[in-house]
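Mapping of the sequence shown onto UniProt numbering: position 772 corresponds to residue 772, and the numbering continues sequentially without gaps.
C-beta: ideal position from N, C-alpha, C; glycine also.
Here is the structure we will look at.
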Amino acid sequence: MRKQQSSSSWSFCSTKCFQCMPSWSSSKPSSLEKQQEERDGKVLSDSETKKRKPGGWKAMPFVLGNETFERLATFGLMANFMVYLTRELHMEQVFAVNIINLWWGVTNFAPLVGAFISDAYVGRFRTIAFASFASFLGMVTVTLTSWMPQLHPPRCTQQELNLGPCIGPTKAQLGILLMGLGFVSIGTGGIRPCSIPFGVDQFDPTTDEGKKGINSFFNLYYTTFTVILLLAQTIVVYIQDSISWTIGFGIPTLCMFFSIIFFFIGTKIYVHVKAEGSPFSGILQVFSAAYRKRQIKLPVDSEVVAIFYDPPLNEIVLTKLPLTNHYRFLNKAAIIEEDELKPDGTCVNQWRLCSIQQVEEVKCLIRIIPIWAAGIISLTPITQQGTFPVSQALKMDRHLGPHFQIPAGSIGVISLITIGLWLPFYDRFIVPALRKITKHEGGITLLQRIGIGIIFSILSMVVAGLIERERRASAIMHPQPLGVAPMSVMWLAPQLILMGFCEVFNIIGQIEFFNSQFPEHMRSIGNALVSCSFAGASYLSSLLVTIVHHVTKKHGQPDWYDSRTTIFSPEGRLYQVEYAMVAIGNAGTAIGILSKDGVVLVGEKKVTSKLLQTSTSTEKMYKIDDHVSCAVAGIMSDANILINTARVQAQRYTFAYQEPMPVEQLVQSLCDTKQGYTQFGGLRPFGVSFLFAGWDKNFGFQLYMSDPSGNYGGWKAAAIGANNQAAQSMLKQDYKDDISREEAVELALKVLSKTMDSTSLTSDKLELAEVFLLPSGNVKYQVCSPESLSKQLVKLGMTQPAAEAS
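Below, the structure is given as structure tokens:
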């Protein structure tokens with residue numbers, strides 16, 4: 001039985017489910033003995049040469065199973081990964097988009113490397129085997145990031161979730177995540193370029209049965225591919241979004257594990273074709289030979305036959321290309337010089353002498369580059385639509401009926417449905433109708449088809465911009481928690497439908513165009529170019545996002561990609577929060593320090609009149625309950641409203657439960673009130689920041705800081721008001737975990753003395769309060785008198801007695 005080496009590993013499918021045409025090629029010349037062995041049906045497995053009947057359909061469950069589960073793992077990861085990065089890992093939107101784009105770019109470039117290694121060195125079976133282990137290891141790593149608390153940031157409080165300043169991943173956590181994604185890319189780079197050729201290797205293309213098997217294999221391959229895309233964007237996404245991220249990642253990981261087992265079970269059935277060299281080696285040889293002969297003058301046309309190397313073609317090369325005058329400098333690679341041919345007519349060194357066929361094949365590749373480069377730009381919107389619509393969906397009403405909510409990561413299914421419905425309709429009805437008019441076999445030319453796809457790409461982005469404007473306007477007019485606009489997520493359907501049309505016309509058009517421009521045995525390179533286009537589009541998309549992110553946030557303006565812009569209106573309340581922060585920055589500084597035996601609050605007291613009785617009035621320190629006090633910075637009328645609210649809440653809790661209200665619960669309740677004033681029309685934020693100091697039986701001494709937005713957090717040492725950043729920096733440098741209350745007072749006064757605008761530090765400019773436990777176990781709130789504070793300042797050497805006396 002005759003057996004040819006099937007499609008080169010470079011014949012792999014692009015990132016979408018479109019037709020890839022098989023090719024049979026090898027740029028590395030084989031000896032006559034090796035060629036005869038292959039024609040006689042001998043193939044190489046490891047170091048052995050065996051004559052084996054092709055496995056045919058018996059091998060398909062193992063080959064397709066491996067590829068299917070790899071796709072399920074990758075696309076199951078990609079479909080909802082934006083949600084995972086932003087919600088679970090608390091990444092900023094721009095950072096998450098760039099990670100996805102860069103990873104997807106690497107994933108699309110990786111098959112080039114995998115195909116080269118497979119064709120030139122280890123063969124397809126070993127490449128798939130090693131890549132499967134890499135993909136499994138990557139999926140395990142990503143799954144662990146969702147399962148182990150040490151590998152992801154802690155969950156946000158509701159206030160942090162609303163405002164967006166959640167703690168993001170550490171460098172170690174991010175590194176582990178990227179390592180997992182890297183292994184997934186390695187697995188993709190080995191499996192995708194080899195799965196189709198390895199499947200074709202199992203059939204004998206010289207028989208009718210083998211040809212039918214190959215055609216059926218391609219149909220089954222793309223059918224399973226489409227099914228996997230639908231499963232990844234529906235069931236897997238639903239599990240991740242509604243049940244558990246660990247289970248959602250664990251299912252494809254488990255599938256990948258079983259695919260490895262099934263793949264090795266079929267080892268004895270497979271046909272193994274020896275690696276014969278990569279077609280890209282021949283391309284490099286042409287450039288190398290042309291450069292080495294750059295000083296040689298090209299002959300006139302009449303001398304071509306005599307001095308150009310033009311050996312007979314191998315049986316696997318079906319189309320002979322004539323020598324052309326385009327890019328004539330490459331023709332020098334085929335000029336025969338002395339001692340460059342063996343007695344049998346073959347070349348001595350392939351890096352110094354190439355055939356006319358090789359030269360013209362390289363020219364075919366060069367002619368394609370402008371169209372390929374344009375394809376990168378036209379595919380960039382498709383890459384953008386893979387990330388930002390998910391973010392849009394998170395801020396829209398995703399309910400279908402009263403009980404079902406569409407997962408944000410499943411919104412891309414609309415494009416898949418469009419492709420699945422339009423593609424057969426186009427082939428069955430549109431193309432025959434156009435063929436009657438244009439007399440063209442495809443109805444329209446391939447470049448016209450690509451152009452139509454680019455138009456749909458432009459229309460999709462225009463519609464996306466219009467929909468986003470309406471969504472933002474709706475979020476502004478009808479403020480809701482988390483910034484969810486009262487607008488159905490189905491408003492995203494038009495842009496996704498248009499993007500589906502773009503994929504049908506543009507991407508398929510590119511694949512067919514690239515295949516039509518190469519000889520049959522080089523069509524695998526055309527398929528590789530489409531994958532590279534997606535990789536380039538991913539990097540270009542990441543570059544555009546980064547540029548917009550940095551340019552639009554200059555001069556204090558809100559970043560266009562700021563995840564908070566749907567929570568606080570950029571036209572209104574967001575600015576009011578910023579203005580409130582500026583107002584607080586002009587207030588006197590207040591410092592809070594948590595010690596092992598109490599909490600210290602120190603504030604700058606601005607005396608506005610000599611008639612003010614400083615001994616009976618306070619500006620910074622307030623008692624909320626017996627166990628809780630606070631220091632304030634900002635608008636005092638706003639502070640009084642909130643303090644009175646907190647006092648009422650504390651008393652109600654004590655009356656209802658006969659015990660003091662836990663400190664954090666009181667702080668959270670007050671911050672909920674503050675945060676509500678940032679989200680609803682007709683209201684302005686409270687222009688005040690707080691430092692809360694307290695003690696309860698649950699957590700002991702505690703210190704919290706809250707800003708006008710309603711966000712709060714627990715601190716060991718914190719500063720608010722004027723020069724708070726400088727004070728915070730000094731506190732960070734000098735604070736110790738085992739600091740005592742006396743040392744905390746000294747540190748607070750020291751920091752305040754260096755950050756106050758005044759040249760001298762006196763008791764009439766300061767307020768000092770402490771929260772500590774009495775020997776009886778009761779909580780004591782004590783405000784230091786001016787006389788006592790003066791003695792401490794003199795004792796610490798921060799002022800002179802004469803200054804206090806004056």
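How many Å lie between residue i and residue j at the Cα?
i, j, result
"Phe95", "Ser281", "38 angstroms"
"Ser563", "Phe225", "For Ser563, the predicted structure reports a pLDDT of 47, less than 50, and the residue's modelled location is therefore unreliable. A value from the coordinates is still provided. Ser563 and Phe225: Cα-Cα distance of roughly 34 angstroms."
"Ser788", "Val602", "14 angstroms"
"Met256", "His403", "33 angstroms"
"Leu793", "Val688", "28 angstroms"
"Thr141", "Thr246", "11 angstroms"
"residue 807", "Phe262", "In the structure displayed, the chain extends from 1 to 806; residue 807 sits before or after that span and is not available."
"Gly199", "Val63", "6 angstroms"
"Glu70", "Ile458", "32 angstroms"
"Gly700", "Thr143", "37 angstroms"
"Ala722", "Ala587", "6 angstroms"
"Val83", "Cys156", "15 angstroms"
"Ser785", "Leu766", "10 angstroms"
"Leu796", "Ala485", "57 angstroms"
"Thr74", "Val236", "11 angstroms"
"Pro153", "Leu85", "11 angstroms"
"Arg449", "Asn506", "6 angstroms"
"Asn80", "Gln233", "8 angstroms"
"Phe686", "Leu670", "11 angstroms"
"Thr566", "Glu92", "Bear in mind that a pLDDT of 38 at Thr566, under 50, signals an unreliable position, so the model cannot answer this."
"Glu338", "Arg352", "11 angstroms"
"Trp372", "Leu421", "27 angstroms"
"Lys439", "Thr445", "11 angstroms"
"Phe116", "Asn66", "20 angstroms"
"Leu177", "Thr207", "48 angstroms"
Which residues mark the beginning and the end of the alpha helix (DSSP H) in which residue i is found?
i, result
"Tyr704", "Taken as a continuous stretch (DSSP letters only), Tyr704 belongs to no alpha helix (DSSP H), being part of the beta strand (DSSP E) at Gly700 to Ser706."
"Gly190", "Lys171 to Asp201"
"Trp695", "No alpha helix (DSSP H) contains Trp695, which is instead part of the beta strand (DSSP E) from Val688 to Asp696."
"Ala633", "Per DSSP, Ala633 belongs to no alpha helix (DSSP H); it is in the beta strand (DSSP E), Val628 to Gly634."
"Gly676", "Val663 to Gly676"
"Tyr291", "Pro279 to Arg292"
"Tyr340", "It should be pointed out that residue 340 corresponds to Glu in this sequence rather than to Tyr. Note, Glu340: premise wrong, no alpha helix (DSSP H); not H, not E."
"Ser355", "First-last for Ser355: undefined, no H or E at that position."
"Glu604", "Unbroken run through Glu604 is the beta strand (DSSP E), Gly598 to Glu604; no alpha helix (DSSP H)."
"Ala408", "Where Ala408 is concerned, there is no enclosing alpha helix (DSSP H), given that its DSSP letter is neither H nor E."
"Ile417", "Val413 to Phe425"
"Ile437", "Val431 to Thr438"
"Leu793", "Pro786 to Lys795"
"Thr762", "Element bounds for Thr762: n/a, residue is neither H nor E."
"Asp241", "It is not in any alpha helix (DSSP H) - Asp241 carries neither H nor E in the DSSP assignment."
What residue does the beta strand (DSSP E) around residue i start on, and which one ends it?
i, result
"Lys123", "It should be noted that the sequence gives Gly, not Lys, for residue 123. Where Gly123 is concerned, there is no enclosing beta strand (DSSP E), given that its DSSP letter is neither H nor E."
"Met621", "Met621 to Asp625"
"Gly713", "Tyr712 to Gly714"
"Ala744", "Taken as a continuous stretch (DSSP letters only), Ala744 belongs to no beta strand (DSSP E), being part of the alpha helix (DSSP H) at Arg741 to Thr755."
"Ile772", "The question names Ile, but residue 772 is Phe in the sequence shown. Looking at the DSSP string, the run of the beta strand (DSSP E) that includes Phe772 is Leu766 to Leu773."
"Gln782", "Val779 to Val783"
"Ala590", "Ala590 to Ser595"
"Ile265", "Segment Trp245 to Ile265 is the alpha helix (DSSP H) holding Ile265; no beta strand (DSSP E) there."
"Ile720", "Ala717 to Ile720"
Taking Cβ positions, are residue i and residue j nearer each other than 8 angstroms?
i, j, result
"Gly694", "Val783", "no"
"Leu379", "Ala537", "yes"
"Gln495", "Ser541", "no"
"Leu181", "Gly138", "yes"
"Thr107", "Ile228", "no"
"Ile356", "Ala59", "no"
"Val348", "Asn331", "no"
"Ser146", "Ser259", "no"
"Gly443", "Ile430", "yes"
"Gly409", "Asp241", "yes"
"Cys354", "Ala433", "no"
"Ile335", "Ile366", "no"
"Leu498", "Phe456", "yes"
**Message:** When you compare the stretch 631-639 with the stretch 653-661, are there three or more beta-carbon pairs, one atom per stretch, that lie closer than 8 angstroms?
**Reply:** Counting Cβ pairs under 8 angstroms, fewer than three are found: no touch.
**Asked** With a cut-off of 8 angstroms, do at least 3 Cβ pairs link the stretch 588-600 to the stretch 709-723?
**Response** yes
**Asked** Can you list the alpha helix (DSSP H) stretches of 4 or more residues lying completely in the stretch 379-403, in chain order?
**Response** The qualifying runs are 388-394.
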